[in-house]
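Working notes for the structure below.
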Amino acid sequence: MGAKLRNDLGNIHIDEHVISEIIGMSAMECYGLVGMASKSATSGLTELLRKGNMSKGVRIESDGDKLAIDLYIVIQFGTRISIVAQNVIDKVKYNVETITGLKVEKVNINVKDVRVQK
399 MGAKLRNDLG NIHIDEHVIS EIIGMSAMEC YGLVGMASKS ATSGLTELLR
449 KGNMSKGVRI ESDGDKLAID LYIVIQFGTR ISIVAQNVID KVKYNVETIT
499 GLKVEKVNIN VKDVRVQK
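Everything in the sequence shown is counted per our numbering, starting at 399 for the first residue and increasing by one.
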């Protein structure tokens, strides 16, 4: 799927995987975030994703140059969930809009687990 931008010289197509990687890396910069979680936890267990698979914890819906983002995350025990979530939202929105030029309409945070960080 991906997203499309139009300018005077033509069209720009940005693959969904590229946007997902930007989102995953942006989220991981935030304090209190242990990692990204898999979108589908059918077994009831939350899988913590490794660096190369962070895009599996991201769902993107695009409407032209506008994005709606769903993030599935694991938060560090002892941190305030609302503060961490707001920091992730702000960081992801800023980085995606700055790097791609796309407009982020909303970022939904789904906290899948809380873990003790060693």
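Glycine included, every Cβ here is placed at the ideal spot set by N, Cα and C.
Own chain, CB closer than 8 Å to residue i, minus 5 neighbours either side, in chain order
| i | result |
| --- | --- |
| isoleucine 487 | Val505, Ile507 |
| isoleucine 420 | Asn493, Val494, Ile497, Thr498 |
Short Cβ contact (8 Å threshold) for residue i with residue j
| i | j | result |
| --- | --- | --- |
| tyrosine 470 | alanine 425 | no |
| lysine 491 | valine 502 | yes |
Residue i (DSSP reduced to helix, strand or coil)
| i | result |
| --- | --- |
| glycine 433 | strand |
| aspartate 461 | strand |
| glycine 408 | strand |
Chain-order list of residues whose beta-carbon lies under 7 Å from that of residue i (same chain, five-residue window excluded)
| i | result |
| --- | --- |
| aspartate 413 | Gly400 |
| isoleucine 473 | Gly430, Leu431, Val432, Ile479, Val482, Val509, Val512 |
| serine 418 | Ser453, Val456, Ile458 |
| histidine 411 | Gly400, Lys402 |
| glycine 422 | Met434, Met452, Ser453, Gly455, Val456 |
| alanine 466 | Glu459, Glu503, Lys504 |
Close Cβ partners of residue i (< 6 Å) along its chain, the five nearest in sequence each way excluded
| i | result |
| --- | --- |
| asparagine 485 | Cys428 |
| serine 460 | Ala401 |
| valine 514 | Phe475 |
| lysine 386 | Past the boundaries of the shown model lies residue 386; the chain is included only from 399 to 516, so the question cannot be answered. |
Residue-level contact to chain D via CB, residue i, 8 Å cutoff
| i | result |
| --- | --- |
| leucine 500 | In the displayed structure, chain D is absent; only one protein chain is listed. |
Can you give, in chain order, each stretch of the alpha helix (DSSP H) that sits fully within the stretch 464-513 and has at least 4 residues? 479-498
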